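A.B. asks: Right, I'll just put the structure down here and ask away after.
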Amino acid sequence: MLRAERLVFTYPSGPKLEFPDIRCQQAEQVLLLGQSGSGKTTLLQLLGGLRKPDAGQVVIGDTVINRLSTGTLDRFRGRQLGIIFQTPHFVRALSVEDNLLLAQRLAGQSSDRGRVAELLQRLDIPQKASVRPDQLSVGEQQRVAIARALVNRPLLILADEPTSALDDKNAAQVVALLSEQATADGATLLIVTHDQRLKDKFSKQIHL
């Protein structure tokens with residue numbers, strides 16, 4: 085379902101990063117561990133089509149995403165990928181519900197309020213639909229970020245350091261939510277992190 089092969093990326097005046105090959109099956113849940121500075125976030129950006137590699141390829145389903153044009157890649161990413169960034173960003177002037185509806189429209193999908201309501205219910209924040217994101221707690225914002233990543237029923241969910249700023253209890257809750265929601269939608273989940281607390285929660289691990 086996800087294949088990354090012989091990926092190489094070089095920053096201007098920076099190091100040349102060479103990454104191990106990655107293979108994930110549909111609905112598989114994988115932990116990618118690496119220390120700070122090992123290129124974890126860069127790798128996630130390559131897998132998500134946010135950067136293009138200098139060499140190698142990323143294949144999602146049957147699509148080699150680094151060969152797509154910018155517009156086609158944007159549409160593919162919006163429909164097939166759910167990306168959870170280390171720090172969630174929302175449109176502050178919009179409510180939680182409207183942020184999720186916006187994610188649907190940006191992916192070229194029709195608005196589906198039923199899907200939005202379903203996700204907010206699954207994540208135990210249905211009462212926050214009309215609230216602006218900046219009025220939420222950090223934990224609630226992360227739940228909204230998970231909902232946004234799932235709203236278009238993606239094939240693949242990529243999460244960048246989702247627990248790094250959390251205490252043990254909240255870290256465990258976030259990982260459980262990600263795992264449960266990926267399972268519910270049959271999506272592949274790849275968590276990229278340096279957080280050693282997650283090692284015991286994933287049978288398949290990749291180390292940078």
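Residues 85 to 292 in this note's numbering are what the sequence shown lists, from first letter to last.
The beta-carbon is built from N, C-alpha and C at its ideal position, and this holds for glycine as well.
Everything numeric in this text was worked out from a predicted model, so none of it was measured.
1. So, with DSSP's three-state summary, where would you put L274?
2. Going by the CB atoms, is the gap between V258 and A187 shorter than 7 Å?
3. Count the other C-beta atoms from every protein chain shown that fall within 10 angstroms of the C-beta of V180, then say buried if there are 16 or more, exposed otherwise.
4. If you check the beta carbons only, do A201 and V142 fall under 7 Å apart?
5. DSSP on L140, reduced to helix/strand/coil?
6. Report yes or no: do three or more beta-carbon pairs, one from the segment 197 to 213 and one from the segment 113 to 131, lie closer than 8 Å?
7. Which value, in whole angstroms, describes the spacing of the CA atoms of A271 and G198?
8. What are the boundary residues of the alpha helix (DSSP H) that F160 is part of?
9. Say yes only if the C-beta of A213 is nearer than 6 Å to one or more non-hydrogen atoms of the ligand ZN, and no if none qualify.
10. By alpha-carbon positions, which one of L86, K288, Q265, Q225 ends up nearest to V175?
C.D. replies: Straight from the coordinates:
1. Indexing the sequence shown from 1 puts residue 274 at position 190. Under the three-state reduction of DSSP, L274 is assigned to strand.
2. Your numbering for residue 187 matches position 103 in the sequence shown. Your numbering for residue 258 matches position 174 in the sequence shown. No. Outside cutoff.
3. One-based indexing of the sequence shown puts residue 180 at position 96. V180 should be labelled buried.
4. In the sequence shown, the residue the question calls residue 201 occupies position 117. In the sequence shown, the residue the question calls residue 142 occupies position 58. No, Cβ-Cβ distance for A201 and V142 is not below 7 Å.
5. Taking the first residue of the sequence shown as position 1, residue 140 is located at position 56. Per the sequence presented here, residue 140 reads as Gly, with Leu not at that position. Reduced to three states, the DSSP call for G140 is strand.
6. No, the segment 197 to 213 is not in contact with the segment 113 to 131.
7. As a working mapping, residue 271 is identified with position 187 in the sequence shown. As a working mapping, residue 198 is identified with position 114 in the sequence shown. The straight-line gap from Cα to Cα measures roughly 19 Å.
8. Stepping through the sequence shown from its first residue, residue 160 is reached at position 76. F160 -> alpha helix (DSSP H) spans 154 to 164.
9. As far as ligands go, the structure on display features none, and thus does not contain the ligand ZN.
10. Position 91 of the sequence shown, counted from the start, is the residue given in the question as residue 175. Comparing Cα-Cα distances from V175 to each of L86, K288, Q265, Q225, the minimum goes to Q225.
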